[in-house]
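Everything below concerns the one structure shown next.
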Amino acid sequence: MTRALDEWGWDERWDTVLHETGTDRGQPARVTSQHRGRWTLQTVDGPRGARVAGSQSGAHMAATGDWVVAEPGPYPTDPWSILDVLSRRSAIERGSAGDRRSQQVLAANVDRLWIVHGLDTEPNQRRLERYLAVGWESCAAPEVVLTKSDLADQLEESVSAARDVALGVPVWVVSMSDSKAVGALRDSLEMGSTVALVGPSGSGKSTLINLLAEAEVAERKVRERAEAKKAKKEA
Numbered sequence: 461m462t463r464a465l466d467e468w469g470w471d472e473r474w475d476t477v478l479h480e481t482g483t484d485r486g487q488p489a490r491v492t493s494q495h496r497g498r499w500t501l502q503t504v505d506g507p508r509g510a511r512v513a514g515s516q517s518g519a520h521m522a523a524t525g526d527w528v529v530a531e532p533g534p535y536p537t538d539p540w541s542i543l544d545v546l547s548r549r550s551a552i553e554r555g556s557a558g559d560r561r562s563q564q565v566l567a568a569n570v571d572r573l574w575i576v577h578g579l580d581t582e583p584n585q586r587r588l589e590r591y592l593a594v595g596w597e598s599c600a601a602p603e604v605v606l607t608k609s610d611l612a613d614q615l616e617e618s619v620s621a622a623r624d625v626a627l628g629v630p631v632w633v634v635s636m637s638d639s640k641a642v643g644a645l646r647d648s649l650e651m652g653s654t655v656a657l658v659g660p661s662g663s664g665k666s667t668l669i670n671l672l673a674e675a676e677v678a679e680r681k682v683r684e685r686a687e688a689k690k691a692k693k694e695a
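Under the working numbering, think of the first position of the sequence shown as 461, with each following residue one higher.
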């Protein structure tokens, strides 16, 4: 049943975590968005709206990226009920360090954290250091993605400045107009791996996401055409 969730990150380790809860109700689902007491879940049946079951005191803390135990309502149009939140592997948080009460979980169960910085401006090393610290503290793997390389005044110097503070983490250099550079970044993605993007406004996060999505759609079409030709020949 859970194989439909594999591409969303479900694996044998999550199977074990679910089994350890001892629950005999509901099924696993992943939170894809949360806003004002309403959640959207990716379930084995597709996306569904959800709310917290009234008796579950901890479920209201579910954040985007969390794996939860949920069950459908009595009618198809009813929202699902979130019964429990599975233990997180990672959590990207915002708030005062050391003060758990003031911290807000922005994203959970992230595997890779892309720190996006546009090279149309000089790299802000202090900002990169802060984002890297967020990544390390979250237990996600931080990576630096330098976008707009074609707009850099001094490309080598800017990349070197970023590497100086990256402390060995991967540094990607991408031009939004260079399909090979974007393709290399996309090829590094693995099915079921969760990537979160952080960075200042205007750094190119949305553009990068759109380019990666377009590349995926284009590759799928090529694959489908190749499979259709093969099937036609075999027929």
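Glycine is no exception: its CB is placed at the ideal position from the N, C-alpha and C atoms. Quantities reported herein were computed from a predicted structural model and do not represent experimental measurements.
Exercise. If L546 sits next to A530, beta carbons under 8 Å apart, how far is it from one beta carbon to the other, in whole angstroms?
Worked result: Contact doesn't hold; Cβ gap of about 11 Å is too wide.
Exercise. When you compare only the Cα positions, how much space is there between S648 and G525?
Worked result: 20 Å
For this session: Would you mind working out which of A510, S598, Q494 sits nearest V655, comparing C-alpha positions?
Result: Answer by Cα proximity: S598.
For this session: On a CA-only basis, which of V625, G506, W474, D613 is nearest T410? Give me that one, please.
Result: Residue coverage of the chain in this structure runs from 461 to 695, which leaves residue 410 outside it and unanswerable.
Problem set entry | Close beta carbons around S609, own chain, < 7 Å, minus the five adjacent residues each side | L579, L615, V633, V634, S635
For this session: Using three-state DSSP, classify A464 as helix, strand or coil.
Result: DSSP places A464 in helix when its eight states are reduced to three.
Exercise. Buried or exposed: which applies to V682, given that a residue is buried once 16 or more other Cβ atoms fall within 10 Å of its Cβ?
Worked result: At V682, the pLDDT of 48 sits below 50, so the modelled position is not reliable and the matter cannot be decided from this model.
Exercise. Just how far apart, CA to CA, sit P602 and R623?
Worked result: 13 Å
Exercise. What residue range is occupied by the uninterrupted beta strand (DSSP E) comprising T503?
Worked result: 498-503
Problem set entry | CA-to-CA distance, G595 to V528, given in whole angstroms | About 23 Å.
Exercise. Do V658 and V629 have their C-beta atoms closer together than 9 Å?
Worked result: no
Exercise. Is the beta carbon of V570 sitting closer than 9 Å to the one on K665?
Worked result: no
Exercise. Just curious, the alpha helix (DSSP H) that E616 is in, first and last residue?
Worked result: Start and end: 615-626.
Problem set entry | Cβ distance (whole Å) where V504 is taken to contact L465 below 8 Å | Contact holds; Cβ gap of about 6 Å.
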